Structures are given as C-alpha cells and as structure tokens.
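Accompanying notes for the structure given below.
2 protein chains.
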Amino acid sequence: MDEIVPGPVRGDTRHTGPVPGTSRATGPVPGVLPAHGDTEAAEHGQPTIYDVARIAGVSIASVSRVLNGRRNPLPDTKERVERAVAELGFIPDGAARALSVRLKEVVGVVIRRPEVTVSADGIFEDEETSLQFPDLINRGIEVAAQKRDFNLLVSSVGLGHADTHRIFALAGKSDGLILHDRVLDPEQVGRLGHQVPVVNLAGMPTPGTVNVSSDNRAGMAELARHLVRDHGYRSIAYLGGHADSPDNLARHAALAEQVTADGAQFVSGPAWQGNYTAAGGARVIENLLASGNSLPQAIACANDQTALGVVYALVRHGIDVPGGVAVTGFDDIPVARHLHPQLTTVRQPITDLGAIAFETLYSMINDAGRARDDITLPTRLVRRESCGCPPMPMPLTARQP
Amino acid sequence: MDEIVPGPVRGDTRHTGPVPGTSRATGPVPGVLPAHGDTEAAEHGQPTIYDVARIAGVSIASVSRVLNGRRNPLPDTKERVERAVAELGFIPDGAARALSVRLKEVVGVVIRRPEVTVSADGIFEDEETSLQFPDLINRGIEVAAQKRDFNLLVSSVGLGHADTHRIFALAGKSDGLILHDRVLDPEQVGRLGHQVPVVNLAGMPTPGTVNVSSDNRAGMAELARHLVRDHGYRSIAYLGGHADSPDNLARHAALAEQVTADGAQFVSGPAWQGNYTAAGGARVIENLLASGNSLPQAIACANDQTALGVVYALVRHGIDVPGGVAVTGFDDIPVARHLHPQLTTVRQPITDLGAIAFETLYSMINDAGRARDDITLPTRLVRRESCGCPPMPMPLTARQP
DNA sequence: ACTCGGTTGGTAAGCGCTTACCGAGGCACA
DNA sequence: TGTGCCTCGGTAAGCGCTTACCAACCGAGT
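Chain order of the listed sequences is A and B. According to the working numbering, the stretch in the first sequence is residues 1 to 401, in order. According to the working numbering, the stretch in the second sequence is residues 1001 to 1401, in order.
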C-alpha cells in the first residue's frame, strides 16, 4: 500500500459516459438515493470490482485475475488486491459473472407442492407437507452439486398455468432443470427440453430429456416373492400412489404380475387408491373397514408414507400388524426403521438418485451435444418386522462418539 | 405480420462493433463453436431478446416492454412479440435481468449439513440425514418466497473454511441470506450482515442481522408445569441438543428453572448430551442404562427426533413409555403424531418460522435502511400420550375426498 | 393550419463481471 | 548494446437484459 495512486474516480475509467462523474454511480432508478460525493467507496450499493481495483491501485482485470486464480499475478499485485477485497468486504456479483461466463452454476429443482388436504373434522392437515422422499432426493442433488460448485434453486409447483410459467422462469435462472415426478405434463417437458437441459426423476420417458429412476419392477417383484413364497400369504393388495405417477404404475404392474405368477390372489381397484401420503393410506383403510370389507393377508403400499398411515389406521381398529395383516412400504425412508413394527420395505438409493440426476444434468450442461440414455438404479428388499419376519437384531446405536 | 421489415441482422443494431457481422455472435471463448452463417436464428446458444426482436420486426425495447407489461404496447406490437417468443421458445436470461434491475429474486438459504455418524457396528448411518425440521422450515420459506416471485437457493455447509467461503459465494448469487442455526460463527455472521441482508433462524443475536425464533422459554415452561403439576413427576431430565445451539440453551434453562421452581428434581449433565438426532438420543439412553444409572421419571428431549431415538432405545430395553418413563419432544414434526406412543411435544409454528424469516428478509432487501427487531413466535404444548396423558380421541382420517 | 399534450417505438447506455488483445518491461542470448 | 521471447498489467469489448431519453406520430384544441 505504498505508492497510493489517487486513482481515477470509478466512473472515469469506463467507456465514455456522457456525464463522467455520474456514470456507473446511479442505478436504473436515478435519484432514488440522492447523489452523494463520489470521492470514496461510499457508494450506496455493494462495492464492485471497480472499487476494489481503485483501492488496490490496479486494473479491474488484475482484480478479476487474482480472484479467479488466472495467469499467476505478481505477489505484490495479488496481495494488494486481497487486502482491498478484505477491506471492502467485496463479494463478486453472481449475476454479472454468470452473464459473462454464460454459466450460472445453478440447477433448478422443481418439486410437486403437496395438495392441501382437509381431514374429516375440517382441520387443515399440514402434516402431509412432510414430503420426506423429495427432500431426501434434493439432499442427494445438493451434495453432488456442491462438488461442482453448483447450488440448488428450488421451486414447488402445483399444476396450474401460473405454475408452468414459474418453471420456465426457473429455467431462466438456472443452467438446467431437475424435475421431480408429476410437475409438468410430458408435452411441456418436451418443450422445455428443447430450451434447456432437463433431467426427470421418475418421469415419463420424453425425447430430449433424460430420466433417472429406480428399478421399481425388480424391487416389487422381490417383495412379492418374499410375501408369497416365504410367508405364504395368499392374498395381497396394492395400495397405490398417485394414479398418474409412473413409479406407481410400475410398482402396481410388477406386484400384480409376480403375485399372480406365484399363484396368489392380487387385490387392487379404485378402493385401493392412495396418494403417497399417510393420510391417504389411512383413509383407504378406514373406508374399507367402514364398508365391511375383509382385508387381504398383506398390503403392499406404494411408499413408506402410505404404509405409515395404513399401520396407524389398522392399529387404531385393533388389527395387529403383522399378526392380522402384513404391511410393507417402498423407499425405505429413514423413519421406516423406527416405526412399530419396523417397516419392511423396498430400499431405493434415494440420495444416489439425486446425485446421479445432478451428475447427468451436469454433463448435459457441459456437453450439450451428446444424447444420453435413461438411467435405472437398483433396489433391494429390506426385511423387517411388518411383513411378518422376526424382529432383526437391532443395531447397537450405543457408543460414545 | 404484414409489413415485414427486413430487420437488420442482430449484430448490426448494436453499438459500433468493430467486426459488424461477428459481434455478439461469438462468446467469450471464440472459435469454440466454429462460426456459422449469421443469417437466421440458428445461433448455437439460446435465443436472445435480439432474436425475438428481429423475428417480430420490432426493437428489443418493445420486446422487453411486452414481456414485462410496461407502457401498454399497441396490440399489434404485442401480438407480434408474443408470436416470436412462442416460435423461438424464448426464455429470458435471469442473470442478465438481475444485472440490469439489480435484483436477482433469489434468497440464499444455508442449512447445516448433518455430520456423518458411524454406528457401533461400523455401519454408515445415513438415517440421520433426515433433517426434517430444517426441511419443513425451508418449505415455509419457499411458500412465502413464491408469493413474491423469489426462489430459494440452497446450500448446506459444515464448519470448515471452505464452507464459510461457500456461504459468501452464495451471497453473491442472492439478494439476501437466511441462515439456519449453527452455520456460521457470530463474528462471521456480523461481517456478512454488513454486506448483504441476513436473517438468522434461532441464531445468536447479532448486530446488523435479525433473528427469527420461537418462544422456547414459554413452551418449555408450559411443558415443565404439565409434567410436574399435572402428572406429578418428581424427577425430570433434559436430553440436550447441540451444546452450541441457542435453542438448546434456552430450552435447557427454561426447563431447569421451571422444574426447580415447582419443587421437582432437574436432571442433566454431560451424560445427557445429545445432538438433535434420533441416534444421539438413543445413544444417551444406551449409555445411561449400560452404566447402571437409574432413569428419571420423565425425559424432556431437545427435539422430536431425539425423542424418537429415546423411545426406541427405551422400548428396546423393555421400558414402557410412558408407563416406565415419560418422554417428550419439541417441534411437533409431522411424524410425532404417528409414533407409538404418540409424542407429547411443544409445537413450534415451523412453516411460519420460515415464512416470517422470508418476509423479514424481503423487507430488508427492499428497504435496506431501516433496522429491524428480532422476532419471537409463540409455542404451545401439545399433549399426547408419551407424557402419560390418555390417548387423544384420534382424529377421523376417514373421508372420501 | 399550427401548436401542444399524450402515447408509443427506437436508440443507446449501463448493470458488474471476464477475457482477448496489445503493449511494456525484464531477461538471456548473440 | 541489440534482439527476441516471455510474462504480466491494462484497455475495452461484450455477456443479455431494462429503461432513460428522444423522436415520431396522433388527435384535439385554438
């Protein structure tokens, strides 16, 4: 900090602004902040790279270079810049950087906003805003994104026109999009895929975008075999998720096929329609019981949340699980092992799903040309108590860290 | 679409580019994509507002105006622009817009990345990546943000230097930051607060930033009174969360105070140190039992997740809840009511917390001047079974929607 | 017919960065 | 001491938008 060059006022160094002293100082809404002396760094806004350059007595190019570690600046230059940055608390503007390098380092993630449900007694059911599964996936995306210095830009949507619009707006703020299940109809997904890189999580196969999903078929088949062959259940129901969810369809089909193939009775139908939520699962059971139906020997639920609600409803009616009816889930969300009884379920590599979705998108962003294939991740049956298996030796959680 | 003005090639309309035909066409890495004829919209990248203007036969200003609904353009102009936009699938670039209007419409949200814990048998415990509470808060933030056309930019951090750096980088990509508990030490928070608007969720009071938290004190006191006065428990333990969490400290203090004031014995200490996770809670109980300690009559846990692990561990050792020991949580996360026994807990308005954090930040972004006070939201006791209360009449979940 | 306000469209500047390009300087070699 | 090469810093263009400012135009009022 020796030869302190007075340094031209920031505005002067720029182009040929018509009003030298004022250029750059006023934003798009001039006069909002009354002009103040433009002598020092006392501008109203954040300090910019020009301020840093002035304080450090170097050019903006040098500042940029030390900040980004390009071209190996002289130690002196480097130090002066670093001092100025620290002094000003300079934080480079991401939008400007993004505009310049044409990369925002942001991926948009769109989840389906949970419907607002109202329980029978008119009480708002905010419990269903749980959404564990999507959150876990997002965590996987986030971890992977972090390694590439990307961040997640999250938006939740319903199915209205305004929401579609929001997704396109999100696309403008990111380098690519990861769409959770059921956030956009296939036609729109296709359109979007023409404009920006898009990865779907368990969506419909769409030209121009890639799908990442897990192997519903194999997982469900394994579960079915276990239920029928190992436990000997003769009637098995599928309590479904959202009717328009590809995951749901695949699980349904796989279960039906395997159960039938093994000679047991497969039960399903409109009365067995859930919605991936605990409340939905409970409601199905309540209705079934209320209408005097007899239950099958085992109920395979579309996901863990549903199973949770089913167990809740059954127990409430004095039906033992798995003694009276066996219940299974799908996903293996973290709470599944803390329930009573511990939930037998099909484990998906949830965070991997997210991580792989990100990596796929990342490669699409960096190499827009090449087409990519859909990806399917393996699943596996996790046998716990709710299917009728004996309690596993519980893992020792005890240990002082 | 009648008087089709040929419309100058995009590049021509700009400044006084030295190489008219090429300006704007090449990015910062010239030659990466070999030059192609600049006749039509066939540029390699996304279409820009210049493309739209050319196709529509109007100026970029007009395009911008119809897109943003400014200045009431003529119907003809409007229609031509809309047609061009649809034809090209034009999505305005968020970075460019942000740079221009000095508003990104993005809030950064920083959560604490869960520590990787390893259970006694050496198995990686990914179950603790659950993080329900922060996710629920984020949902609240997101819903509020949506109303203002903002999006959430999420980042998770540990406590290293690289992570601190990441937070500053996030600040550069957003208009303001919402920090969850324990993501940055108070000094750094203060520094950050000088540069950008910052709202802390249950953090330490820091000059220049605002805190949003819920009334731990009142909630805990109410719980303590219930346990001691209504149930008559004579010894009550506090199973803590992270030692450096302000929430934890407040809950601890409030419980201790009220329990003591009511003449019962308050139990705590190093052996009762948890970490807000189910595994942490279970571990405390295991250790206590292993070392032959007798348990108090009631255990108030720092949060619901902890209580979940505690119940799990107790049941595993044949101790009935609440028959043997009463257990309570804090937060009232959605699963709390689905557990066996249903968890008595202190309800925080979780999503409100997030929503209010956002609204506060939003007002800070739009009016940088005014200082704001910290905000405390009310809590209330939710009596369910795990404290020893009789099971509530279960809400009817049955109803065909 | 002429001016005058109101309205709409176009031009160009500017948002805060990155980087191609050039020129200055230092050094080794002849 | 001259010449070429290599390194480093500075200048300025450009990323894709928004909008101030001005010009053109229209109809109404005098």
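Even for Gly, the Cβ is constructed at its ideal location relative to N, Cα and C. Since this is a predicted model, take the numbers as computed values, not measurements.
Can you give me the Cβ contacts of residue 1244 of chain B inside the same chain, cut-off strictly under 7 angstroms, excluding the 5 residues immediately before and after it?
Closer than 7 angstroms at Cβ, skipping near neighbours: 1182.
Residue 1358 of chain B versus residue 378 of chain A - alpha carbon distance:
CA-CA distance, residue 1358 of chain B to residue 378 of chain A, rounds to 39 angstroms.
Less than 8 angstroms between the CB atoms is what I'm expecting for residue 386 of chain A and residue 321 of chain A, so what's the real figure, rounded?
Their Cβ separation, rounded to whole angstroms, is 6 angstroms, which keeps residue 386 of chain A and residue 321 of chain A in contact under 8 angstroms.
Skipping 5 residues on each side, what residues in its chain have a beta carbon closer than 6 angstroms to that of residue 1003 of chain B?
Unreliable positioning characterises residue 1003 of chain B in this predicted model, as indicated by a pLDDT of 34, which lies under 50. The coordinate reading is nonetheless provided below. Non-local beta-carbon contacts of residue 1003 of chain B in its own chain, meaning distances under 6 angstroms to residues more than five positions away in sequence, are absent.
Where residue 184 of chain A sits in the DSSP three-state scheme
Coil.
Taking the Cβ atom as the reference point for each residue, do residue 1140 of chain B and residue 1323 of chain B lie within a distance shorter than 7 angstroms?
Annotated as distal: residue 1140 of chain B and residue 1323 of chain B, with beta-carbon spacing of 7 angstroms or more.
Rounded to whole angstroms, what is the Cα-Cα separation between residue 184 of chain A and residue 1275 of chain B?
Spanning the two alpha carbons is a distance of roughly 39 angstroms.
Which whole-angstrom value describes the C-beta separation of residue 1305 of chain B and residue 1132 of chain B, a residue pair presumed to lie in contact below a C-beta threshold of 8 angstroms?
So it is a contact: roughly 7 angstroms between Cβ atoms.
Using 6 angstroms as the cut-off, classify the Cβ of residue 1259 of chain B as near or not near the heavy atoms of the ligand GTP, replying yes or no.
Absence of the ligand GTP is noted for the structure shown, with no ligands found whatsoever.
Interface residues of chain A around residue 1152 of chain B at Cβ under 9 angstroms?
Residues of chain A whose Cβ lies closer than 9 angstroms to the Cβ of residue 1152 of chain B are, in chain order, 152, 153, 154, 155.
Roughly how many angstroms lie between the CA atoms of residue 1043 of chain B and residue 171 of chain A, to the nearest whole one?
Caution is warranted here: a pLDDT of 48 is assigned to residue 1043 of chain B, below 50, making its placement in the model unreliable, and the coordinate value is therefore given only provisionally. Each residue's Cα considered, the two are about 19 angstroms apart.
Against residue 135 of chain A, what residues of chain B qualify as contacts under a CB-to-CB distance less than 7 angstroms, listed in chain order?
By Cβ distance, chain B contributes 1135.
Just list the residues that DSSP pairs residue 112 of chain A with in beta bridges.
Residue 112 of chain A is bridged by DSSP to A/157.
The beta strand (DSSP E) enclosing residue 1303 of chain B, as first and last residue numbers
Note, residue 1303 of chain B: premise wrong, no beta strand (DSSP E); not H, not E.
Using a C-beta to C-beta distance shorter than 8 angstroms, which residues of chain B count as neighbours of residue 299 of chain A?
Per Cβ cutoff of 8 angstroms: no residues; residue 299 of chain A is ~16 angstroms from chain B at best.
Under the rule that 16 or more other beta-carbon atoms within 10 Å means buried, what is residue 331 of chain A, buried or exposed?
Flag for residue 331 of chain A reads buried.
Let me know the secondary structure DSSP gives residue 276 of chain A once reduced to three states.
The three-state secondary structure of residue 276 of chain A, taken from DSSP, is coil.
Is residue 142 of chain A close to chain B, meaning its C-beta is less than 7 angstroms from at least one C-beta of that chain?
Under the 7 angstroms criterion on CB atoms, residue 142 of chain A is classed as interfacial with respect to chain B.
Where do the N-terminal and C-terminal ends of the beta strand (DSSP E) with residue 1263 of chain B fall, by residue?
Looking at the DSSP string, residue 1263 of chain B is not in any beta strand (DSSP E), and its letter there is neither H nor E.
Taking residue 315 of chain A and residue 327 of chain A to be in contact with their CB atoms under 8 angstroms, please state how far apart those CB atoms are, rounded to whole angstroms.
The C-beta distance from residue 315 of chain A to residue 327 of chain A rounds to 10 angstroms, too long to fall under 8 angstroms, and the pair is not in contact.
To the nearest whole angstrom, what separates the beta carbons of residue 202 of chain A and residue 270 of chain A, a pair I think is in contact under 8 angstroms?
Not really, about 23 angstroms apart at Cβ, beyond 8 angstroms.
Below 8 angstroms on the Cβ atoms is my guess for residue 1157 of chain B versus residue 1163 of chain B; work out the distance and round it to an integer in Å.
Contact holds; Cβ gap of about 4 angstroms.
Just the C-alpha distance for residue 294 of chain A and residue 300 of chain A, rounded to the nearest angstrom, thanks.
Looking at the two C-alpha atoms, the distance is approximately 16 angstroms.
Backbone CA spacing between residue 1048 of chain B and residue 1065 of chain B [nearest angstrom]
Cα atoms of residue 1048 of chain B and residue 1065 of chain B: separation of roughly 15 angstroms, rounded to the nearest angstrom.
Beta-carbon of residue 99 of chain A versus every beta-carbon of chain B: anything under 7 angstroms?
Yes, its Cβ sits closer than 7 angstroms to a Cβ of chain B.
N-terminal and C-terminal residue of the alpha helix (DSSP H) that residue 225 of chain A is part of:
Run containing residue 225 of chain A: 216-225, per the alpha helix (DSSP H) assignment.
CB-CB length for residue 235 of chain A against residue 258 of chain A, believed under 8 angstroms:
Between residue 235 of chain A and residue 258 of chain A a beta carbon distance of about 14 angstroms is seen, past the 8 angstroms cut, so the two are scored as non-contacting.
Using only alpha-carbon positions, find the residue among A/179, A/374, A/254, A/344 that is nearest to residue 210 of chain A.
The shortest C-alpha separation from residue 210 of chain A is found at A/374.
At which residues does the alpha helix (DSSP H) containing residue 56 of chain A begin and terminate?
Run containing residue 56 of chain A: 49-56, per the alpha helix (DSSP H) assignment.
Closest by CA to residue 113 of chain A, which one among A/277, A/285, A/318?
The residue with the shortest Cα to Cα distance from residue 113 of chain A is A/277.
For the stretch 1075-1102 of chain B, list every residue whose C-beta sits within 8 angstroms of some C-beta in chain A, in sequence order.
Answer set for the stretch 1075-1102 of chain B: 1089, 1091, 1092, 1093, 1094, 1095, 1096, 1097, 1098, 1099, 1100, 1101, 1102.
Option nearest residue 1286 of chain B by Cα separation, candidates B/1318, B/1297, B/1256, B/1263
Nearest to residue 1286 of chain B by alpha-carbon distance, out of B/1318, B/1297, B/1256, B/1263, is B/1318.
Rounded straight-line distance, which links the Cα of residue 1200 of chain B to that of residue 1135 of chain B
C-alpha of residue 1135 of chain B to C-alpha of residue 1200 of chain B: approximately 15 angstroms in a straight line.
Which of the residues in the stretch 195-213 of chain A, read from start to end, lie with their CB under 9 angstroms from any CB of chain B?
Of all residues in the stretch 195-213 of chain A, 195, 196 have a Cβ within less than 9 angstroms of some Cβ in chain B.
Run through DSSP, which three-state label would residue 253 of chain A get?
Taken through DSSP and simplified to helix, strand or coil, residue 253 of chain A comes out as helix.
In chain order, what are the residue ranges of uninterrupted beta strand (DSSP E) at least 3 long that sit wholly in the stretch 1281-1366 of chain B?
For the stretch 1281-1366 of chain B, whole beta strand (DSSP E) runs of length 3 or above, ordered along the chain, are 1298-1301, 1326-1328, 1345-1347.
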